[in-house]
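> Counted from 1, the sequence shown has number 39 at position 39 by full-length UniProt numbering; the numbering is strictly sequential. Cβ atoms here follow ideal geometry from the backbone N, Cα and C, with glycine treated the same way. Only a predicted model underlies this, so the values are computations on that prediction, with no experimental measurement involved. Mind looking over this structure? Questions follow.
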Amino acid sequence: MTKAVFSLVFVRRLNDEILLGFKKRGFGSGKWNGFGGKVEPAESVADCAVRELREECGLNAERVDEVGLLEFQFEGEDTSFEVHVFQTYNFSGELTESEEMRPKWFNVNEIPFKEMWPDDEYWFPYLLRGDFFTGNFLYRGQDLILKHNIEILEKPPFYTVFH
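Structure (C-alpha cells):
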C-alpha cells in the first residue's frame, strides 16, 4: 500500500468562529472542509498548509499549529491518506473565493456537519476543544465509514511553525 501525505488547515477567529471552504471541484466536491492538499516534493506539511490556504482562500497564515493526524483508507484502494491537521488564529490578507473553494465563516455551534465528510463529526469536537488527537478511518465509498478509531494525546507530538 502506498501513502499520500496531505495537510488540512482550519482558520479560527476568536473562540467561536471557524472558516470552512465549500469544495467546488475535484475530490470531495460538494462538501464543506478546511483548506489543504497534497504535500509537494521537498515541501514540509506545514509549508503545504500555508501554501494551500493562500491558494484556496487568499489568506496568509503567520503561524500554524499542528493539532491532529488522521489516516484514511478507502476500501479497494491501494493508497492510504495521511492528513496532518493544523489550525491558525494568526493570519492576514483578504478572504477571496478561488476556482476550487468558496470560503465562509461559521459559528462553531453551527458547523454544517451533514454537508461535510462523515468522519468530521467524530474528530471535529477534539479540534474545537483544543485537544491533540490521532484517528484512523476506513471508508466504503465516500459516505460510509466501516471502522474508525480516535485517540486523544496528552501532549502534542507535533509542532508549531511560524512563517
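Going by C-alpha to C-alpha distance, which of Val39, Trp105, Arg102 sits closest to His84?
Val39
> Hey, could you find the ends of the alpha helix (DSSP H) Val45 is sitting in?
45-57
> Nearest CA to the CA of Gly93: which residue from Leu53, Glu82, Asn15?
For the residues Leu53, Glu82, Asn15, the minimum Cα distance to Gly93 belongs to Leu53.
> Identify the continuous beta strand (DSSP E) that holds Arg63 and give its terminal residues.
60-74
> Judging by CA-CA distance, which residue of Phe133, Asp16, Arg140 is the nearest neighbour of Trp117?
Arg140
> Give the single residue among Ile111, Leu20, Ala4 whose Cα lies nearest to the Cα of Thr96.
Leu20
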